[in-house]
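**Q** Numbering (mature numbering (1 follows the signal peptide of the UniProt record, and there is no 0)) for the sequence shown: -27 to -1, 1 to 462.
Just so you know, even glycine gets a beta-carbon here, dropped at the ideal spot from N, CA and C.
Note that the coordinates shown come from a computational prediction; the quantities given were computed from them, not determined experimentally.
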Amino acid sequence: MSKLNQVLKSVLRPIALVLALAGPLCAQTSPAAGDSAVFGLNDFYRFVTERHPVARQAGLLPERAQQEVRQARGAFDPRAESKFYGKEFDGKSYFYDWDNALRVPIWLGGIDLRAGYERGVGTYVNPQEFTSPAGLSYVGISVPLGQGFLIDERRAALRIAQAMVGLAEAERRAALNKLILTATKDYWEWSLSYQRYQLLRNNRDLGRVRFEATRERVRQGDLAAIDSVEALTELQNRETQLAQALGQWQNATLMVSNYLWDQNSQPRELPATARPQLLPPPLTWRDYPRDSLQQNLGQAQEFHPDLLKTRAKLEGLGIERRLVRNKLLPKLSLDANLLHGGQPFSLESRSPSTYAGGYLANNYKVGFSFAQPLFLRQERGKLQVNALKIREAELGLEQDARFVQTAVQMNANEWQALVQQLRMQAQAVENYQRLRDGEQIRFENGESTVFLLNSREASLVNSRLKLAELQAKYGQVQAGRVFSLGGLL
């Protein structure tokens, strides 16, 4: 019996050592500092938000919207115009027509200010364009009294472009949020695959030690030969599981590498020594703050990018509606010009005496224009189409608001359910650990078999794997909460 005890101690000592290395119920194997480096989640976020092509593309959206605003403002830029036409034939001067003008659009009232100098001379010059040899200067104003007074195409285009700035910012946030959410899920899958590989590797090492110990006991005559077959079969099964886990770990590493780019927009690969940070530990398993659910719902309704995009579209459609309704008015405009012979309104000609008497009554050019469709079918059709677009956008906004509200509530429910599952699964791991330890004691006392001990260990490993999966899911749900609220992680 003493010899048997010595054999048992010699073969069980390495088993106990492997079990100690495997760690307690919720312990997670971390890489050794000498041969690996932890690539934390915050560092991963920095790579994704600063260097990923999708993030860079999203960053271009607000800039493009600002340039479109700048383009729309160009319709209010002052414009200098000049034209000259002259004709001579067979030694005869027919005409010389020279016209220079400066036009300044004004925001208020759709008014255009004009100032210019024209000179039309020659035997066959158009009488309407004829001036004295000194030319003719003028300053004038063009005022729309019907269409274009309250709003016109220039002002509408600028207002719509300004509304699209908010749309571009919402699209940027939506694209970046989606990218970060997907990247976070892949990161926690990477961490889970690493934890799974570490756990199964320790399990394989334990199975190898048990096989060697069982084979030695068979040689000593303490166990039947079939027990060594049982131990070998279990070892081969664990080797298969480990090979599968290694493949999953390698593929998960490749998935995380897809998010890594350098400053020159070149793809990067994770080094072989890179390791993820640990899955969320028990200290982070917090209940969902139920008292803040209504606050979160309000925040999502106010700041979620999907809702902001629809509201920006509605704002643009509202501006378009004002423009289309203005088109129902008749086109009535007034053009008035003050004329002055000679050079363009020089400083010497600005004395009050210059404009005394009947100057203003005798030196002007004025005109009116009027146009009005009789049936207004085109304008009324555009107005109805705009009303339908607005209604469509409003219905879409209501539907999106409902989806956002549902997403926040679903995330809260999933969060709370996961916390409960994590706590129960942690207790289950503790229980499986006790069962395994008790079976080990029975095996040492000769009251159990290799098969039963392997079964207990398989249940323990499966429960630890389930706990790791729930921890990874918890990290993903945390990221999903921020995404459902519409804010950046």
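Determine, using beta-carbon pairs with one atom in the stretch 342 to 351 and one in the stretch 221 to 231, whether at least three such pairs fall under 8 Å.
**A** no
**Q** List the endpoints of the continuous alpha helix (DSSP H) containing V98.
**A** V98: not part of any alpha helix (DSSP H); DSSP gives it neither H nor E.
**Q** Which of the three DSSP states, helix, strand or coil, is assigned to N269?
**A** helix
**Q** In three-state DSSP terms, what is R248?
**A** strand
**Q** Indicate the three-state DSSP secondary structure (helix, strand or coil) for A(-12) in the structure shown.
**A** Note that A(-12) scores 37 on pLDDT, short of 50, meaning its location in the model is unreliable; the coordinates nonetheless yield the value given after this. Correct three-state label for A(-12): helix.
**Q** Going by DSSP, name the residue or residues bridged to L75.
**A** A53, A88
**Q** Assign D194 to one of two classes, buried (16 or more other C-beta atoms within 10 Å of its C-beta) or exposed (fewer than that).
**A** Position check: residue 194 holds Gly in this sequence, whereas Asp was assumed. It counts as exposed.
**Q** Tell me, please, which residues DSSP counts as bridged to E61.
**A** Answer by DSSP bridge pairing, in chain order: S66.
**Q** In three-state DSSP terms, what is Y337?
**A** In the structure shown, Y337 sits in a strand (DSSP, three-state: E or B).
**Q** Going by the DSSP bridge assignment, what does H277 pair with across the sheet?
**A** Per DSSP, none; premise fails for H277.
**Q** Do Y111 and N310 have their beta-carbon atoms positioned less than 7 Å apart in this structure?
**A** With respect to Y111, N310 sits close: the two C-beta atoms are nearer than 7 Å.
**Q** Any idea which residues DSSP pairs W234 with across the strands?
**A** P240
**Q** Just to confirm my understanding: we take L296, look at its own chain, exclude 5 residues before and 5 after, and list those with CB closer than 6 Å. What are they?
**A** I124, A129
**Q** Would you check if the distance between the CB atom of E203 and the CB atom of F12 is smaller than 7 Å?
**A** no
**Q** Please classify F416 as buried or exposed, where buried requires at least 16 neighbouring CB atoms within 10 angstroms.
**A** buried
**Q** Given a cut-off of 7 Å on the beta-carbon distance, is the pair P262 and G119 in contact?
**A** no
**Q** Residues in the same chain with beta-carbon distance under 7 Å from D260, minus the five sequence neighbours each way, listed in chain order, please.
**A** Q389, V392
**Q** Return helix, strand or coil for D308, following the three-state DSSP convention.
**A** strand
**Q** Please list the terminal residues of the continuous beta strand (DSSP E) segment that includes Y111.
**A** 109 to 117
**Q** Three or more beta-carbon pairs under 8 Å between the stretch 74 to 85 and the stretch 57 to 65, yes or no?
**A** no
**Q** Strictly by DSSP, which residues pair up with A10?
**A** A247
**Q** Does A(-1) pass the burial test, meaning 16 or more other C-beta atoms within 10 Å, or should it be called exposed?
**A** Confidence at A(-1) is low in this model, with a pLDDT of 36, below 50, so its placement is unreliable and the value that follows should be read with caution. A(-1) should be labelled exposed.
**Q** Beta carbon of N386, beta carbon of R454: below 7 Å?
**A** no
**Q** From A156 to N299, what does the alpha carbon distance come to, in whole angstroms?
**A** 49 Å
**Q** Are at least three pairs of beta-carbons, each pair with one atom in the stretch 276 to 289 and one in the stretch 370 to 379, less than 8 Å apart?
**A** yes
**Q** Output the distance between the C-alpha atoms of K60 and Y97, rounded to the nearest integer angstrom.
**A** 10 Å
**Q** So what's S436 in DSSP terms, helix, strand or just coil?
**A** helix
**Q** Report the rounded CA-to-CA distance for Y353 versus E365, giving the unit in angstroms.
**A** Correcting the residue type first, residue 353 is Arg in the shown sequence and not Tyr. Between R353 and E365, the C-alpha separation is close to 18 Å.
**Q** What number of angstroms, rounded off, separates the C-alpha of L440 from the C-alpha of Y160?
**A** 17 Å
**Q** With distances taken between CB atoms, is the gap from A149 to A273 smaller than 7 Å?
**A** First, the amino acid is wrong: residue 149 is Leu here, not Ala. Taking 7 Å as the Cβ cut-off, L149 and A273 do not qualify as a contacting pair.
**Q** Contact between the stretch 173 to 182 and the stretch 74 to 82: three or more CB pairs below 8 Å?
**A** Segments in contact, no.
**Q** At a cut of 8 Å, does the stretch 184 to 201 reach the stretch 239 to 250 through at least three beta carbon pairs?
**A** no
**Q** According to DSSP, what are the bridge partners of V94?
**A** Y69
**Q** Kindly indicate which residue of S164, L287, Y405, F122 has the alpha-carbon position closest to the one of L368.
**A** L287
**Q** Are the stretch 134 to 153 and the stretch 32 to 39 in contact at 8 Å, needing three or more beta carbon pairs?
**A** Verdict: yes, contact present.
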